[in-house]
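Working notes, beginning with the structure itself.
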Amino acid sequence: HENLAAALEQFMEAGGAVVRASRIGRGYVGGTLANGRLGMALGAGFLTPTKARIALQLALFATVQPGAKTLSWRDYFARIVGLSEVR
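Counting from 1, position 41 in the sequence shown corresponds to residue 41 in the working numbering; the numbering is continuous, with no gaps.
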């Protein structure tokens, strides 16, 4: 898992979008892991991975629209999901 976490951190530093979700039926997923890794990833809140993927796709699509507001994918994702906190 260390290699995966390192690769994801490198991907995010290069501008990649990462959202963390859980396949367990319930529970809140925040952004940072207990060990402080993946701090640039957003948590999916209470969304399932499928719903989080769709919300991320919508957020990424909204940032490339001509005349779109100057919000980041994180801002759009937080608005779609209803997250109260965005870094």
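Built from N, CA and C at the ideal position, the CB exists for glycine as well.
Quick check on residue i: does DSSP put it in helix, strand or coil?
i   : result
R53 : helix
F26 : What sits at residue 26 in the sequence shown is Arg, not Phe. Reduced to three states, the DSSP call for R26 is coil.
V81 : helix
L42 : strand
L4  : helix
Q65 : coil
Please name the residue, chosen from the options, that lies closest to residue i on a Cα-to-Cα basis.
i   : options               : result
R80 : T70, A62 and P66      : In the sequence on display, residue 80 carries Ile and not Arg. Measuring from the Cα of I80, the nearest candidate turns out to be A62.
F77 : E2, R23 and A41       : A41
W73 : G16, Q10, S22 and A59 : A59
F46 : R26, I54, T70 and A6  : R26
A21 : D75, T70 and K51      : K51
I54 : V19, P66 and E9       : V19
T48 : G39, Y28 and P66      : Y28
Among all the DSSP beta bridges, which residues are the ones paired with residue i?
i   : result
R74 : R74 is not bridged to any residue.
V18 : None; V18 has no bridge partner.
Classify residue i as buried or exposed, calling it buried when 16 or more other Cβ atoms lie within 10 Å of its own Cβ.
i   : result
A43 : Per the sequence shown, the amino acid found at residue 43 is Gly instead of Ala. It is buried - the Cβ of G43 has at least 16 other Cβ atoms within 10 Å.
L56 : buried
V64 : exposed
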